[in-house]
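For the sequence shown, the UniProt record's numbering gives the first residue as 1, with consecutive numbering after it.
Glycine included, C-beta positions come from ideal geometry on N, C-alpha and C.
Computed from a prediction, not measured in an experiment: that's the story for all the values here.
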Amino acid sequence: MASHSDTLVVFFGATAGANGGKLGSDERELILLVWQIVDLHENKVGKLKRTLVQPDSADLSEQCKEETGLTAEELCKAEPLESVLQQFYQSVSAELKSLGRSSYTLCVDGPLLIRQVLHPEASKKNLVLPECFYTFVDLKKEFHKCCPNAGPVKDLTLTSMLDYVCIPAAVEQEAGMREVKNMVLLILHLLTEPYNHTFSTFETVNYKFESGACSKTEAVDSETVIRARGLPWQSSDQDIARFFKGLNIAKGGVALCLNAQGRRNGEALVRFINSEHRDMALERHKHHMGNRYIEVYKATGEEFLKIAGGTSNEVAQFLSKENQVIIRMRGLPFTATTQDVLGFLGPESPVTDGTEGLLFVKYPDGRPTGDAFVLFACEEYAQNALKKHKQILGKRYIELFRSTAAEVQQVLNRYMSTPLISTLPPPPPQMVSVPVLATSPFITTGSTRDCIRLRGLPYTAAIEDILDFMGEHTIDIKPHGVHMVLNQQGRPSGDAFIQMKSADRAFMMAQKCHKKMMKDRYVEVFQCSTEEMSFVLMGGTLNRSGLSPPPCKLPCLSPPTYAAFPATPGMLPTEAALYQPPLLATPRTPQAPAHNPVPALAYYSPQLYMNMNMSYTTYYPSPPVSPSTVSYFAAPPGSVAAAVAAQPAPAIALFFFFFLEYILLVTFPSEKAARLAVAECSNVPLSGHPIRLVCCE
């Protein structure tokens, strides 16, 4: 609109619920609109118009009935919002033409009617608002500029403003018309001596959300950031911006949060242009997005930068192309090239600038992760690309999702910060790290469905609770057969796997215990194979769509065993001393060491494994023994050193862990011996797989 100084249209509305300072906080619909034109040049006013709006639900709150005097019967006879807005636009346009004016601006008593009611309701009902509803004058702020001693803007009311300038309030009885008349009195008073005020400050509502990149060095005010929780997992930044329609989000101000597996966790951080908009966003706590209610909480600028901030020049260049639609591709073959991806998308969805609009996500050492981000110039091209969701490229199906600039930053930050080799935390004082001698690994892959999966366990459930839940079926559990799954933070995930003695026993267990109650929750019980169990334990997912592989597809849960130490009587303490307290579910009597002529070195450390940004897995002890682990125990000084020194040269195996491949660290008596081993043994096959050796300090 050209100039907004010709005419003001004083605008007032009421909803079926809360009004006044809480207007729009309860998602209730508009039921009343009142307006009147004020000619700023001639100091004249037009006709006072009042119209009712028919809501989808005519259930009025007691406050609404008391303040407006309206009834459900009256509203049922009214026109719907779309028709009323058309009548408003036509009425104002015709009256302006008769006055010889060409432009106008809405004038409201605070921003809530426009920002918290009209725009959100129009967005939910898919209504296109006229341009006049995207610019308005806030009478309270204009009054505060003329009378700064009247008090803070947020505390001003029509009554207090009239009292301050000693103007008697209108005596109109009908709700809405009374408020508009009082607003007109204030405007006319501000136009005269001694104020001679000019209405020149106009607030705007953003037409659409602008995506963009955010730098980690950028200053973000914590008073402008909120956290939205409970979002549908497929929500995009545009969906979130639509939820906050009417409030102005900063450019690139929507950051979707990802979980440890790189998938969206239903949360987002949103940055607004100022604290006023942030405060209005907090009033939308438990408003609805579709059938879901969304929780809205305060957040900090540091949290926002942690998720959305980036430092990569490659990402900054990729995101420098503005007004692009971003699509995330997941599950790409590791050998996929740019031409493979462009061919997969096809000519109906051309990528912006060809190969320049494609960004592969890689690990720090350059290996592909199977993820990529693609830019499209318009919504049509993006929609064509999304139609290829779960189509096959090579031998893998590819997932495609809408994405955001913040998600690009977050995914890149996550993978680029992933260490190639994780390290154990330092042992506590007087604690010595020792290798644990164990029997051979006990999980092997197979397609026989002799396992069951428990899903939906109470987070407080322990091994004993699972055994009680299974009842008589506990006799059918294999040794070492109970595996409780923890998430990456070490907390129960609500899942567990149990290995049964046969597929028939697993089937009977699944049939009898499915949806049986454990404490206050019902537990789902499914029959599955050892292979499926291993996939999940190694970080993959098992759902109705089948198997989704883990970040690194390993042939089985445990690596092959390696000879490390000859049996030394008296070397190891009791079994209970070898387990960290969090991993020891119940104390048990020490067992005699197995008579194994070549003990095997333990390969598994929960702390190591959970620090690798992979999915999740760990074990709780299950009868009769616990899985192997590297642990710490208090030992007399020199006792372990003496035991280790007694072992034969040239090598002492320290410990196993794996990150995308098995890694064994070996110490040699000299650098020359280590280099000789690398020269002679590197790439020599072991069980059909070439072994790569690298010298390190």
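- In chain order, 474 place their CB closer than 6 Å to the CB of residue 467, counting only its own chain and leaving out the 5 sequence neighbours on each side.
- CA-CA distance, residue 51 to residue 71, rounds to 14 Å.
- The three-state reading of DSSP puts residue 215 in strand, counting E and B together.
- Distance from the CA atom of residue 388 to the CA atom of residue 344, rounded to whole angstroms, is 8 Å.
- Rounded to whole angstroms, the gap between the alpha carbons of residue 359 and residue 240 is 24 Å.
- Inside the region 240-293, DSSP marks whole alpha helix (DSSP H) runs of 4 or more residues at positions 275-282, from first to last along the chain.
- Taking a C-beta distance under 8 Å as the contact criterion, residue 79 and residue 54 qualify as a contact pair.
- Distance between residue 492 and residue 449, taken at the CA atoms: about 24 Å.
- Distances from the CA of residue 476 to each of 496, 383, 451 were compared; the closest alpha carbon is that of 451.
- DSSP, read as helix, strand or coil, puts residue 297 in strand.
- Residue 360 is bridged by DSSP to 372.
- The beta-carbon separation of residue 132 and residue 106, rounded to 6 Å, stays under the 8 Å limit for a contact.
- Taking all protein chains in view, the Cβ of residue 47 is surrounded by fewer than 16 other Cβ atoms within 10 Å, so the residue is classified as exposed.
- For the region 83-152, the continuous alpha helix (DSSP H) assignments of 4+ residues that do not extend past its boundaries occur at 119-124, 139-146, in sequence order.
- Just so you know, the alpha carbons of residue 92 and residue 9 end up roughly 8 Å apart.
- Setting aside the 5 residues that flank it on each side, residue 299 is surrounded in the same chain by 225, 226, 227, 269, each with a C-beta closer than 6 Å to its C-beta; the list follows chain order.
- The alpha carbon of residue 471 has as its nearest neighbour, out of 455, 516, 460, 459, the alpha carbon of 516.
- Inter-residue distance for residue 165 and residue 39 is about 21 Å (C-alpha atoms, whole angstroms).
- By a beta-carbon distance limit of 8 Å, residue 456 contacts residue 524. Their separation comes to about 5 Å.
- Cβ contact annotation for residue 678 (same chain, cutoff 8 Å, sequence separation greater than five): 693, 694, 695, in chain order.
- Assignment of residue 155 by DSSP, reduced to helix, strand and coil, places it in the helix class.
- Of 84, 17, 42, the smallest CA-CA separation from residue 59 is found for 17.
- Every unbroken stretch of the alpha helix (DSSP H) spanning 4 or more residues and falling wholly within the region 3-90 is given here in chain order: 62-68, 72-76.
- When the alpha-carbon of residue 297 is set against those of 313, 287, 356, 291, the nearest one is in 287.
- Of the other Cβ atoms in all chains shown, 16 or more fall within 10 Å of the Cβ of residue 307; this residue is therefore buried.
- When only Cα atoms are considered, residue 536 and residue 483 end up about 11 Å apart.
- Counted as a single uninterrupted DSSP element, the alpha helix (DSSP H) harbouring residue 672 occupies residues 671-681.
- Here residue 33 is buried. Its C-beta has 16 or more other C-beta atoms within 10 Å.
- The alpha-carbon separation between residue 222 and residue 295 amounts to approximately 18 Å.
- As a beta-bridge residue in DSSP terms, residue 495 pairs with 455.
- Per DSSP, residue 324 lies in no alpha helix (DSSP H) segment and is marked neither H nor E.
- Check the Cα spacing between residue 180 and each of 137, 108, 323: the tightest is with 108.
- Our two residues, residue 341 and residue 376, have alpha carbons roughly 14 Å apart in a direct line.
- Contact check for residue 518 against residue 461 passes: the beta carbons are separated by less than 8 Å.
- Counting the other Cβ atoms within 10 Å of the Cβ of residue 504 gives fewer than 16, which makes it exposed.
- In this structure, residue 499 keeps its C-beta atom at 8 Å or more from the C-beta atom of residue 510.
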